[in-house]
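Residue numbers (UniProt numbering): 1 to 263.
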């Protein structure tokens, strides 16, 4: 998901919630402190009276619903976030690399082969044996039948047309209640991408940046807050070239000024 775009973060402002350069920072109406939009959104959804993370001044959460900023729908995070995003997107690749082993016959196995050749006995190839001496090539995984041992996870385009766009230079979007789309905040976008790439069932629970668990259903291409399936929203994945043709209102609830939505 390599892309390039203007920065969404102000590196001169440290968010008091995530302790990183504030992403799409909002200025709180009473105390004038600045916080990441998505972090402040999380503060307002704790079930307690909303207050400034700095000074605890009460905050009317309604001001978050009217945010308009001069940001680009193609905006990205600065280098400070690259390690975080890389860990989300490449975590599955690192796990696979750690599981790789170099299988070589040991000296005793080689001697057994030589003796078998001399005596005419029928021995299994050592590369097909596990540590117990049983053939791993003929033994299915626990809980699986022989017919499923060679099955592989389908390519994204095999289970949904949405997935055809999820190759490179793409963006994740979720539906707006009144029509149109919001792009995910890039930190959440990385979490969605990771879930999409690594899920075996195409239905995963992920923790979004504002502290709420959401279910990502890539079979039906919807998302919903854990325990609240009745309020599901559509999700999709768009290539950068298709973004200009979609009704993308902004990013994660922050409306984008029209002049800044041009590519």
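All residues carry an ideal CB built from backbone N, CA and C; glycine is no exception. Remember, predicted model here, so these are calculated numbers, not experimental data.
Just verifying my parser: in three-state terms, what is the DSSP assignment at residue i?
i	result
residue 138	A caution first: residue 138 carries a pLDDT of 33, below 50, which makes its placement in the model unreliable, though a value can still be read off. It is coil, neither helix nor strand.
residue 33	coil
residue 247	coil
residue 256	strand
residue 16	coil
residue 56	coil
residue 66	helix
residue 27	strand
residue 101	Low local confidence applies: a pLDDT of 44 at residue 101 is under 50, so the model's placement there is unreliable, with the coordinate-based value given in what follows. The answer is coil: DSSP assigns residue 101 none of H, G, I, E or B.
Could you pull the start and end residues of the beta strand (DSSP E) that residue i belongs to?
i	result
residue 235	233–239
residue 22	21–23
Alpha carbons only, please: which of the options is nearest the one belonging to residue i?
i	options	result
residue 257	43, 21, 34 and 72	72
residue 40	29, 210 and 255	210
residue 208	195, 232, 191 and 28	191
residue 242	194, 171, 15 and 67	171
residue 62	37, 185 and 75	37
residue 222	200, 240, 239 and 196	196
residue 7	42, 225, 180 and 186	186
residue 79	53, 69, 233 and 22	22
residue 30	42, 10, 212 and 51	51
residue 33	179, 254, 16 and 183	16
residue 81	182, 201 and 10	10
residue 268	251, 66, 169 and 188	This structure cannot settle anything about residue 268, because the visible part of the chain is limited to 1 through 263.
residue 289	218, 47 and 181	For residue 289 there is no data in the structure shown, the boundaries of the chain being 1 and 263.
residue 231	240, 218, 214 and 219	214
residue 235	184, 199 and 206	184
*Indicate whether the contact test is met: 3 or more Cβ pairs, each with one atom in the region 232–249 and one in the region 46–60, closer than 8 Å.*
At 8 Å Cβ cutoff, the stretches do not touch.
*Length-filtered (3 minimum) beta strand (DSSP E) runs lying within the UniProt domain "WWE" (158–237)*: The qualifying runs are 170–175, 181–183, 203–207, 213–217 and 222–225.
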